[in-house]
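Visitor: Residue numbering for the sequence shown is 1 to 674, as defined by UniProt numbering.
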Amino acid sequence: MLLLCRRWLAWLLLLPLGPAAAQTLAEAVLRGQVLDADTHQPVPNAQVGIAHNRLGTSTNADGRFALRVPAAYQGTELEVALLGYQRYRQVLPVLPGPELVINLKISPASLGNVTVTASATGIIREAVRRIPRNFPTRPTQLTGFYRESDEETASGRYDYLAEGLLQVYKPGYQHPHQSGYVRVLQARRVELRRRATTVADLARINWMAGGLVPHRFDFVRERAEFISERHFKEYQYGFNSQTTFEGRPVYVITFGPRPGSERASFAGRLYIDVASYAFLGAEWHRTPAGIAHEHLLTFEASERAYRAYYQQFVGRFYLKSVWYNTLGRPLAGQVRHHLAEYLTTAIDTGRVAPPPYPERSQYTDIFLRTPVPYDSAFWQSTTTLLPAAPLRRALLDQARERRADSLLRAPAAARLSNPTTSEPALGRPDTAVARPRPAPRPRRLRLGYSYGVGVLALSGAGAALQAEVAPAGYAFRAVAGGAAAVPLVAPFVESGYQLYLPAGLLVYSQFRTVLGQLRGGGWEAGLGWVHNLNPRGRPVRLRLGVGYLNQSLAHPLGTYDNPDEGLRLAGTRLGYRRLSLAVQNSTEALHPSLGLGLELSRRWEVLASAGCLVPLATQAGLLVQEDSFWHDNEAVLPLPAAEVQVRVNGQPASTLPWQLGRLLAGLSLVHQLR
1 MLLLCRRWLA WLLLLPLGPA AAQTLAEAVL RGQVLDADTH QPVPNAQVGI
51 AHNRLGTSTN ADGRFALRVP AAYQGTELEV ALLGYQRYRQ VLPVLPGPEL
101 VINLKISPAS LGNVTVTASA TGIIREAVRR IPRNFPTRPT QLTGFYRESD
151 EETASGRYDY LAEGLLQVYK PGYQHPHQSG YVRVLQARRV ELRRRATTVA
201 DLARINWMAG GLVPHRFDFV RERAEFISER HFKEYQYGFN SQTTFEGRPV
251 YVITFGPRPG SERASFAGRL YIDVASYAFL GAEWHRTPAG IAHEHLLTFE
301 ASERAYRAYY QQFVGRFYLK SVWYNTLGRP LAGQVRHHLA EYLTTAIDTG
351 RVAPPPYPER SQYTDIFLRT PVPYDSAFWQ STTTLLPAAP LRRALLDQAR
401 ERRADSLLRA PAAARLSNPT TSEPALGRPD TAVARPRPAP RPRRLRLGYS
451 YGVGVLALSG AGAALQAEVA PAGYAFRAVA GGAAAVPLVA PFVESGYQLY
501 LPAGLLVYSQ FRTVLGQLRG GGWEAGLGWV HNLNPRGRPV RLRLGVGYLN
551 QSLAHPLGTY DNPDEGLRLA GTRLGYRRLS LAVQNSTEAL HPSLGLGLEL
601 SRRWEVLASA GCLVPLATQA GLLVQEDSFW HDNEAVLPLP AAEVQVRVNG
651 QPASTLPWQL GRLLAGLSLV HQLR
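#1: State the beta-bridge partners of histidine 671 as determined by DSSP.
#2: Going by alpha carbons, who is nearest to arginine 541 out of Ser228, His531, Asp348 and Gly547?
#3: Three or more beta-carbon pairs under 8 angstroms between the region 274-292 and the region 132-139, yes or no?
#4: Thinking residue 698 and leucine 664 are a contact (beta carbons under 8 angstroms), I'd like their distance in whole angstroms, please.
#5: Is the beta carbon of glycine 210 closer than 7 angstroms to that of threonine 344?
#6: List the residues that DSSP assigns as beta-bridge partners of isoleucine 347.
#7: What is the DSSP secondary structure of leucine 17, reduced to helix, strand or coil?
#8: Please determine, among Ala617, Leu594, Asp627 and Gly56, the residue with the shortest C-alpha to C-alpha distance to phenylalanine 313.
#9: Could you give the C-beta distance for glycine 328 and valine 322, rounded to a whole number, given that I count them as a contact under 8 angstroms?
#10: Out of Gly597, Asn534, Leu623 and Val168, state which residue places its alpha-carbon closest to the alpha-carbon of glutamate 468.
#11: Once you ignore the five residues that flank leucine 368 on each side, which residues in its own chain have a CB closer than 7 angstroms to its CB?
#12: Mind checking tyrosine 451: buried by the 16 CB within 10 Å criterion, or exposed?
#13: Taking C-beta to C-beta, are phenylalanine 255 and tyrosine 235 nearer than 7 angstroms?
#14: From what residue to what residue does the beta strand (DSSP E) around histidine 555 run?
#15: In chain order, what residues of the same chain have a beta carbon less than 6 angstroms from the beta carbon of valine 493, not counting five sequence neighbours either side?
#16: Could you compute how far the alpha carbon of glycine 571 sits from the alpha carbon of alanine 620?
#17: Count the other C-beta atoms from every protein chain shown that fall within 10 angstroms of the C-beta of glycine 182, then say buried if there are 16 or more, exposed otherwise.
#18: Within 7 angstroms of any Cβ in chain C, is that where the Cβ of leucine 594 sits?
#19: What do you get for phenylalanine 217, buried or exposed, if any count of 16 or more other CB atoms within 10 angstroms of its CB means buried?
#20: Take arginine 125 and list the residues in its own chain whose beta-carbon comes closer than 7 angstroms to its own, dropping the five residues that flank it on each side.
#21: Name the DSSP bridge partner or partners of leucine 386?
#22: What is the rounded straight-line gap between the Cα of arginine 536 and the Cα of tyrosine 357?
#23: If you check the beta carbons only, do leucine 518 and alanine 475 fall under 7 angstroms apart?
#24: With a CB to CB cut of under 6 angstroms and the five nearest residues on each side skipped, what residues in its chain are close to leucine 567?
#25: In its own chain, which residues sit with a C-beta less than 6 angstroms from the C-beta of leucine 185, not counting the 5 before and 5 after it?
#26: Could you tell me the alpha carbon to alpha carbon distance between valine 274 and alanine 118, rounded to whole angstroms?
#27: Tell me the start and end of each unbroken beta strand (DSSP E) in the region 205-248 that is at least 3 residues and wholly inside, in chain order.
#28: Please report the Cβ distance between leucine 616 and arginine 662, rounded to the nearest whole angstrom; I am assuming they are in contact, meaning their Cβ atoms lie under 8 angstroms.
#29: Taking Cβ positions, are glycine 180 and lysine 170 nearer each other than 7 angstroms?
#30: Straight-line CA distance for arginine 223 to threonine 370?
#31: Report buried or exposed for threonine 59, applying the criterion of at least 16 other Cβ atoms within 10 angstroms of its Cβ.
#32: DSSP three-state call for glutamine 398: helix, strand or coil?
#33: Starting from the C-beta of alanine 61, find all residues in its chain whose C-beta is less than 6 angstroms away, skip the five residues before and the five after it, and write them out in chain order.
#34: In the DSSP output, which residue or residues are listed as bridge partners for histidine 338?
#35: DSSP state of arginine 647, grouped into three classes?
#36: Give the C-beta separation of leucine 607 and arginine 543 to the nearest angstrom, bearing in mind that I take them to be a contact with Cβ-Cβ under 8 angstroms.
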């Protein structure tokens, strides 16, 4: 695994090195660098596109980009655009070729003859009203590149780098509450963390929902609170120095919490096209109050910053890029820096359908653990966001250090017998990378837990009860009585554990507490089988099971003083000064059951079940318990017993007038642990 990670890292680092690596690929690649025409400094985040932006990429922190150009698009026009700069256009050069240097000229940051007559909130209100006119109203599918990394800020050491190609399904922007979906087409990663050996290692942060970044931070479609009229009263808005985009004037509107407001979570700036009122992008961050609103229990964040930009294609604006930056300290460990970046590389406006449910990314998914096999041939034909030079150098240095450490630890004979551990030569692809990595093997054992409610059927008739307790040799005496009603059903709450085995088998245990006029505790253990009835959609799981059940149903008789500190009943010492009494039936039964579960998310499922109880034995008895929070001893005297006389409707009895019925039904929430 370590060898494969090194080879993947070498391949990742080779891609941006220059034309020598590009010439090893069959597909044409346009490589370039965007500079400021006046300062000759690199220009990051510039939008680079061909075919009217159907295909594209963005520049990295060094101003560099690499765009794969299919044969059908060679000879089309290249466009480069960025807020504050003039749009750049030229016909694509002959490929392959040398790195293209593009000089962007600054556009005058002025509205010229444009007169601002509306308030900032009025402009935002109008921009929101025009979302259906400026953004797609039919479902669209974006193909995009995603990268996330995590590093320790003090040492500058990276824990991992993960990348993926995403297929992003977006419903029309006129329906902000309709769900969008993401499918991970390919993923690759470099894991540089050591094995967990310290408390800090065990408390590592694993970031969830990375693949959903194109939805989470698409502030236009999500109607973020800073553009929501409902929250205008919590923010104050103003105008900043104006800018331009592709030669058109652009409003720059700043926003932040209104003085005294505790509910506003964000501050930043919006970019809105003057002519069309289209949102072009935003840069914002969480305020200290906004960070507190997140209620992060395992991570103390000091910075949460975001950027999102849009790009025009055939008259509509589509999400182009997202940048998500977090700085903070986990409960145990050093300050960490987490960065996530998304870049749209292709837009499909045809008839698109959401991905099948089993292939959709979910909020609780950890992108680092994406179970997609690595395929180097796939990545050789994919447009990505080039990693910045410092990131490439840091990862390469750490990979070399880790390799050297592993070689020093290995016996000399092992090093001599394994020459493939030598580092791949930079400047050419390592051919061993072409072997696909097999998909991760599913874990054979998984643990789950559940909470639920349900009802137990009862049988029997109400009766008058009387019990007299007089253990020989003790001063304790109690005479209790009352009427016992027997309802048709008794409600219960339950919790349980499940151990999932191969072939759909599971071992389970349940613990129930019956509530109401008759109450008591019980447990069940058994074996089950699970089968997915809907493998191509949201899983609907059939569950068959059979268990052994032990359940008590007790009728309370009251609480009585206990003058004997050394009182013993059924071998149990009951020395507390107050004792509660109840008569109960304890039933042993077999419980065959049938259940149907609906998956709510990758780890959560709602399960409805029903079963038939087959009684094996029932034992009546007197339950004596210490009536104290700190004392919980109890004893059960099976009936008949010399210390107890029980009467039912005035007649001596050794059985009680209620029994478990045949039906047990429940509804529970099941969670599977990772």
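Think of the CB as a built atom: it goes at the ideal place given N, C-alpha and C, for glycine as much as any other residue. In this text, all values refer to a predicted model and were calculated from it rather than measured experimentally.
Guide: For this structure:
#1: Tyr449 and Trp604
#2: His531
#3: yes
#4: Because the chain here runs from 1 to 674, residue 698 falls outside it and cannot be looked at.
#5: no
#6: Leu142
#7: With a pLDDT of only 40 at leucine 17, under 50, the local geometry of the prediction cannot be trusted, and no value is derived from it.
#8: Gly56
#9: Going by Cβ atoms, the distance from glycine 328 to valine 322 rounds to 19 angstroms, so no, they are not a contact pair.
#10: Leu623
#11: Tyr160, Ala162, Arg189 and Asn206
#12: exposed
#13: yes
#14: 540-561
#15: Val453 and Thr513
#16: 18 angstroms
#17: Contrary to the premise, residue 182 reads as valine rather than glycine in this sequence. Burial call: buried.
#18: Reference to chain C is not applicable here, since this structure consists of a single protein chain.
#19: buried
#20: Glu229
#21: In DSSP, leucine 386 forms no bridge with anything.
#22: 7 angstroms
#23: no
#24: Tyr474, Phe476 and Leu574
#25: Leu165 and Gln167
#26: 11 angstroms
#27: 235-239 and 243-245
#28: No, leucine 616 and arginine 662 are not in contact; Cβ-Cβ is about 13 angstroms, not under 8 angstroms.
#29: yes
#30: 29 angstroms
#31: buried
#32: helix
#33: Pro44 and Ala388
#34: Asp150 and Thr326
#35: strand
#36: 7 angstroms
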